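Asker:
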Amino acid sequence: MNREVRVRFAPSPTGALHIGGVRTALYNYLYARKTNGKFLLRIEDTDQTRFVPGAEEYIKEALEWLGISPDESPWNPGEVGPYRQSERKPMYMQYALDLVEKGHAYYAFDTAEELEAMRQRLTAARVVSPQYNSITRTQMKNSLTLPEDEVKARLESGEPYVIRIKIPRKEEVRLNDLIRGWVMVHSSTLDDKVLMKSDGMPTYHLANIVDDHLMGITHVIRGEEWLPSAPLHVLLYRYFGWEDTMPQFAHLPLLLKPDGNGKLSKRDADKHGFPVFPMDWVDPNSGEKAMGFREQGYMPDSFLNFLAFLGWNPGDHREIFSLEELVEAFSIERIGKSGTKFDINKAKWYNEQYLRAKSDEELGAYLMADLEKEGISVSSEKAAQIAHIMKERATFSSDLWKEGQFMFVAPQTFDEAVVSKRWNNDAFTVLNTYKEKLSGFDGELTPETAKSILESAAEENGIKLGKVMQAVRLAVTGVGAGPDLMAVFSIIGKDELVSRIDFALKNLKVSA
RNA sequence: GGUCCGUUCGUCUAGGGGUUAGGACGCAUCCCUUUCACGGAUGAAACACGGGUUCGAUUCCCGUACGGACUACCA
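Note that the numbering used here has the first sequence beginning at 170, numbered continuously upward.
#1: For Thr-292, write down the residues that DSSP places opposite it in a beta bridge.
#2: Check this for me: beta carbons of Leu-269 and Ile-332, under 8 angstroms apart or not?
#3: By Cβ distance below 6 angstroms, which residues in the same chain neighbour Lys-458 in space, the five residues on each side in sequence not counted?
#4: So is Arg-503 buried or exposed if we call it buried at 16+ other beta carbons inside 10 Å?
#5: Please return the same chain residues whose Cβ sits closer than 6 angstroms to the Cβ of Arg-257, not counting the five positions on each side in sequence.
#6: What three-state label does DSSP hand Lys-260 in the structure shown?
#7: Apart from the five residues on each side of it in sequence, which residues of its chain come closer than 8 angstroms, Cβ to Cβ, to Glu-283?
#8: Give the secondary structure of Ala-681 by DSSP, where H, G and I count as helix, E and B as strand, and everything else as coil.
#9: On the criterion of 16 or more Cβ atoms from any shown chain inside 10 Å, does Ala-681 qualify as buried, or is it exposed?
#10: Could you give the residue range of the beta strand (DSSP E) that holds Lys-207?
#11: For Arg-487, collect the residues of the same chain with a Cβ closer than 7 angstroms to its Cβ; drop the 5 residues on either side in sequence, then sort them by chain order.
#12: If we count Cβ pairs, one from each stretch, closer than 8 angstroms, do we get three or more for the region 492 to 512 versus the region 543 to 563?
#13: Along the beta strand (DSSP E) that carries Ile-334, what are the first and last residues, could you check?
#14: Should Pro-239 go down as buried or exposed, given a rule of 16 or more other Cβ atoms within 10 Å for buried?
#15: Out of Ile-212, His-420, Pro-447, Leu-643, point me to the one whose CA is closest to Ser-584's CA.
#16: Where do the ends of the beta strand (DSSP E) carrying Val-342 lie?
#17: Does the beta-carbon distance from Leu-383 to Ile-334 come in below 8 angstroms?
#18: So what does DSSP say about Val-657, is it helix, strand or coil?
#19: Are the CB atoms of Gly-466 and Phe-565 within a distance shorter than 8 angstroms?
#20: For the candidate residues Tyr-535, Val-578, Ala-627, Ile-555, whose alpha-carbon lies nearest to that of Ser-659?
#21: Would you call Glu-328 buried or exposed, if buried means 16 or more other Cβ atoms sit within 10 Å of its Cβ?
#22: In angstroms, rounded to a whole number, what distance separates the CA positions of Leu-614 and Leu-654?
#23: For His-273, name the three-state secondary structure that DSSP assigns.
#24: Helix, strand or coil for Arg-349, going by three-state DSSP, please let me know.
#25: Would you mind working out which of Glu-572, Asn-197, Ala-274, Trp-244 sits nearest Glu-225, comparing C-alpha positions?
#26: How about Val-296 and Leu-344: do their beta carbons lie closer than 8 angstroms?
#27: For Arg-391, which of helix, strand or coil comes out of DSSP?
#28: Using a Cβ-Cβ cutoff of less than 7 angstroms, which residues in the same chain neighbour Ala-231 once the five nearest sequence positions on both sides are dropped?
#29: Please determine, among Glu-233, Met-353, Leu-433, the residue with the shortest C-alpha to C-alpha distance to Met-468.
Right, dumping it as structure tokens:
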């Protein structure tokens, strides 16, 4: 059967979209594009108690920022909507009842206290895994143990109930994961998971099978944390009679902490000072803040490139991929099996690569925006010039301003270490001559003219330019390191240059 | 505890029965250079362990160890 590929990203609106979720979305997007299929987004909000306002908007904005927006979603619906499970609520009960009718599910009336008592009883009896299953259900209050008329009476009285799947006692459940191959689980280790909650909402397990089926999903690409419940899902497809159109599964490796072990979490972000969310997020309930890659200065294309390589690789030595190139190169077969430790250095490196590839004009525009906040105005030509000489040393576009402040603000202090090491009489003499020559110069101060004048100033005094170069830099910028000095001179202009040299000559003392 | 998944340089990974085990990030050294950076070159750095199978295993199989996920009327 050759169906159109339809994949989905199904986040829960319980907070900021985690980077692992973003990667899942990306892989789904890449696969859909690669196969000329459709990428859908479905909001899994069946747990009303965990709903967080703004979370859905966050998801939407994050995907838009990255340029991987879904083809069908709550805000851009296709023909299989609604795309929010809460809005699909009326659809689920009939499917649960269908299962009850077929004998694959049953009503259960146990209270939370009774369930807890059961678990304690089993734990006390040293039962390895205390769960609601083919053995224990015979001792609980459900439509399998209660007389038919009592079940009926309870249902009619409006007593709360759930619907549980009836897991067979002895059955081998197999699934062929696209990434992991055959996975086999014995049904005796599965429990009778709740399908319909007492509030009338389906659980994830029921909803995701019903929705994936109804939405024509062909491939389920999701995190590895779902692997243990995948056999349950296979069973559901079977009981519904949908096995022939059951999607193929691909369980992605987890994103791990950079140090030690375990899933990457917000704690790691706080601990190491790097983001794990695409964008800044303030939790509306707790007021807790989390930083985002976007606000830290990561660009969408570099972030995407970085993300794609967290668990996938093209099989050759290329590292830099545009979104289009990722689509072209992507395949599920090349996704790795093992968990991936998160390395922020690589993210930075990617950002540097992308930053350097940007045009001077584009980076100049970033710089101008930053300058505006500082109340400094500059022509776009000059901004582009500065971007040109600064971009080799920047990780983020914000570094253009942070690292290039001396272009706009004359130094008031000088790096002491450089002063004591480099500032001497020769430097003073050369700069003094340079200042005089500059004052008498009324041509355009280009990097070339700036340099030739400086060279003649050094020569006149019989001093080798190389000897005093760093002191010259110190005098004009206040520090011992930076981009090409003559370019800096040209950019700040003659008058500013002269006044800075003057200031330095008056304030810098030659140490004994 | 149980079930499932995993394990190649510090990190991301390529590879696959016979290789000098390749690349990238990071690190170190050198070169370039007016400094720093960029760039270039070089280097240190890995097949978890034990059994099989085999003429030969890092590669296949089985154990062990270690790690992880899951084990809710959460997704």
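Beta carbons: idealized from backbone N, C-alpha and C, even for Gly.
On a predicted model such as this, the values are computed, not experimentally measured, just so you know.
Answerer: Considering the structure as presented:
#1: Here residue 292 refers to the residue found at position 123 of the first sequence. Beta-bridge analysis with DSSP links Thr-292 to no other residue.
#2: As a first step, residue 269 is located in the first sequence; it is residue number 100 there, counting from the start. As a first step, residue 332 is located in the first sequence; it is residue number 163 there, counting from the start. It is Val, not Leu, that sits at residue 269 in the sequence shown. Yes. Within cutoff.
#3: Mapped onto the first sequence, residue 458 falls at position 289. Contacts found: Val-451.
#4: Numbered from its first residue, the first sequence carries residue 503 at position 334. Arg-503 should be labelled exposed.
#5: As a first step, residue 257 is located in the first sequence; it is residue number 88 there, counting from the start. So the qualifying residues of the chain are Pro-251.
#6: Taking the first sequence and counting its residues from 1, one reaches residue 260 at position 91. Here the sequence assigns Met to residue 260, which means Lys is not the residue at that position. Correct three-state label for Met-260: helix.
#7: Within the first sequence, the letter at position 114 stands for residue 283. Excluding positions up to five away in sequence, the list reads Met-309, Lys-310.
#8: Here residue 681 refers to the residue found at position 512 of the first sequence. Note on Ala-681: pLDDT 48, under 50, position unreliable in the model; the coordinate value appears next. Coil, per DSSP.
#9: The sequence position of residue 681 within the first sequence is 512, counting from 1. Low confidence applies to Ala-681: its pLDDT is 48, below 50, so where it sits in the model is not reliable, and the reading given next is rough at best. Answer is exposed; the Cβ neighbour count stays below 16.
#10: Here the question's residue 207 lines up with position 38 in the first sequence. It spans 207 to 210 - the beta strand (DSSP E) in which Lys-207 sits, taken as one unbroken run.
#11: What you label residue 487 is simply residue 318 of the first sequence in a count that begins at 1. Excluding positions up to five away in sequence, the list is empty.
#12: Note that the region 492 to 512 does not touch the region 543 to 563; fewer than 3 beta-carbon pairs, one per stretch, sit closer than 8 angstroms.
#13: For this step, residue 334 is matched to residue 165 along the first sequence. Where Ile-334 is concerned, the enclosing beta strand (DSSP E) stretches over 331 to 334.
#14: Along the first sequence, read from residue 1 onward, the residue named residue 239 stands at position 70. With 16 or more other Cβ atoms within 10 Å, it is buried.
#15: Along the first sequence, one-based indexing puts residue 584 at 415. Before going further, note that residue 584 is Asp rather than Ser in the sequence given. Of the listed residues, the one whose Cα sits closest to Asp-584 is Leu-643.
#16: As a first step, residue 342 is located in the first sequence; it is residue number 173 there, counting from the start. Its beta strand (DSSP E) spans residues 341 to 346.
#17: If you number the first sequence from 1, residue 383 lands on position 214. If you number the first sequence from 1, residue 334 lands on position 165. No.
#18: Looking up residue 657 in the first sequence gives position 488. Helix.
#19: To locate residue 565, count along the first sequence from 1; it is residue 396. To locate residue 466, count along the first sequence from 1; it is residue 297. Closer than 8 angstroms, so yes.
#20: Mapped onto the first sequence, residue 659 falls at position 490. Nearest of Tyr-535, Val-578, Ala-627, Ile-555 to Ser-659, Cα basis: Ile-555.
#21: In the first sequence, residue 328 corresponds to position 159, counting from 1. That one is exposed.
#22: Locating residue 614 in the first sequence gives position 445, where the first residue counts as 1. Locating residue 654 in the first sequence gives position 485, where the first residue counts as 1. When rounded, the distance between both Cα atoms is 13 angstroms.
#23: Position 104 of the first sequence, counted from the start, is the residue given in the question as residue 273. His-273 falls in the coil class under three-state DSSP.
#24: Position 180 of the first sequence, counting from 1, holds the residue named residue 349. In this structure, Arg-349 counts as coil in the three-state DSSP scheme.
#25: Numbered from its first residue, the first sequence carries residue 225 at position 56. Of Glu-572, Asn-197, Ala-274, Trp-244, the residue nearest in Cα terms is Trp-244.
#26: Within the first sequence, the letter at position 127 stands for residue 296. Within the first sequence, the letter at position 175 stands for residue 344. With contacts defined as CB atoms closer than 8 angstroms, Val-296 and Leu-344 fail to qualify as a contacting pair.
#27: Taking the first residue of the first sequence as position 1, residue 391 is located at position 222. Arg-391: strand per DSSP, three-state reduction.
#28: Taking the first sequence and counting its residues from 1, one reaches residue 231 at position 62. So the qualifying residues of the chain are Leu-186, Val-191, Pro-447, Met-448.
#29: Residue 468 sits at position 299 when you count from the first residue of the first sequence. That would be Glu-233, whose Cα lies nearest to the Cα of Met-468.
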